[in-house]
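Count along the sequence shown from 1, then add 231; that gives the number in the numbering used here. Just so it is clear, CB atoms sit at the ideal spot from N, CA and C, and this is done for glycine as well. The structure presented is a predicted model; accordingly, all values stated were derived computationally and were not measured. Just below is one structure, and these are the notes that go with it.
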Amino acid sequence: MARVLETLTLPRASAVPATSRNFVNLQASRGLRIQSFGSPKLGRKLSARIVCQAQEAVQVLAVTDATWQKNVLESDVPVLVEFWAPWCGPCRMIHPIIDELAKEYTGKLACYKVNTDESPTIASQYGIRSIPTVIIFKGGEKKDAVIGAVPKSTLSTSIEKFL
């Protein structure tokens, strides 16, 4: 169930003059932060997005071949990735645990899921032979893997090693 934590009104890009479009000041808002994507070579921001970090609103998002590099390998925080498939019974058992961990570690750990039927390239790249498999990445590198529907405490122990 979704709930509104706070509202924030943003001006439409077309309503802001082109000269100031890149510099819109936003009011501080509880549970929100602005995430910038820049280029060290160019020394400037390329884009930004508003990210909700309120625990009540955390969702484990799907990652695909197209978003893998940006979301997982280039992440500033450790990343937990659950490899799963819709037909997998144990995967359905571990989903609520992953959701809880995502809420618990908000801001410290990014959590994503990969549907191995839809993104077989990623699964084969990391040698996924059994699902569910949970892999923890830090600095773009695979650091730990847990195979099977395991208790929350097992996953928490693995996560804590890399925070």
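Asked: Do the stretch 309–323 and the stretch 364–378 make contact, defined as three or more Cβ pairs closer than 8 Å?; Found: yes
Asked: Please report how far the alpha carbon of Cys215 lies from the alpha carbon of Leu332, in whole angstroms.; Found: Residue coverage of the chain in this structure runs from 232 to 394, which leaves residue 215 outside it and unanswerable.
Asked: If you scan the stretch 287–355 from start to end, which runs of the alpha helix (DSSP H) of 4 or more residues do you find wholly inside it?; Found: 320–335
Asked: When we look at the beta-carbon of Ala297 and count the other beta-carbons within 10 Å, is it buried (16 or more) or exposed?; Found: exposed
Asked: Of all the options Glu349, Glu372, Val377, which has the alpha carbon lying nearest to the alpha carbon of Ser361?; Found: Val377
Asked: Let me know if Val303 comes out buried or exposed under the rule of 16 or more other beta-carbons within 10 Å of its beta-carbon.; Found: buried
Asked: Look up Ile390 in the DSSP assignment and say whether it is helix, strand or coil.; Found: helix
Asked: Please tell me whether Cys342 and Ile329 are closer than 9 Å, where the distance is taken between their beta carbons.; Found: yes
Asked: Starting from the Cα of Asp348, find the closest Cα among Ser306, Gln290, Glu372, Pro363 and give me that residue.; Found: Pro363
Asked: What does a CB cutoff of less than 8 Å around Leu340 pick up in its chain, not counting 5 residues either side in sequence?; Found: Val308, Pro309, Val310, Leu311, Leu332, Ala333, Ile390, Leu394
Asked: Could you check how far apart the C-beta atoms of Val381 and Lys344 are, in whole angstroms? I think they sit under 8 Å.; Found: Wrong, their Cβ atoms sit about 16 Å apart, outside the cutoff.
Asked: Could you check if Ser414 is buried or exposed, using at least 16 other CB atoms within 10 Å of its CB as the buried criterion?; Found: Lying before the first or after the last residue shown, residue 414 is absent from the chain, which here runs from 232 to 394.
Asked: Where do the N-terminal and C-terminal ends of the beta strand (DSSP E) with Val381 fall, by residue?; Found: From DSSP, Val381 is part of no beta strand (DSSP E); its letter is neither H nor E.
Asked: CB-CB under 7 Å to Tyr336, same chain, minus the five flanking residues each way: which ones, in chain order?; Found: Ile390
Asked: Do Tyr357 and Lys373 have their beta-carbon atoms positioned less than 9 Å apart in this structure?; Found: yes
Asked: Is the Cβ-Cβ distance between Asn346 and Pro317 less than 9 Å?; Found: yes
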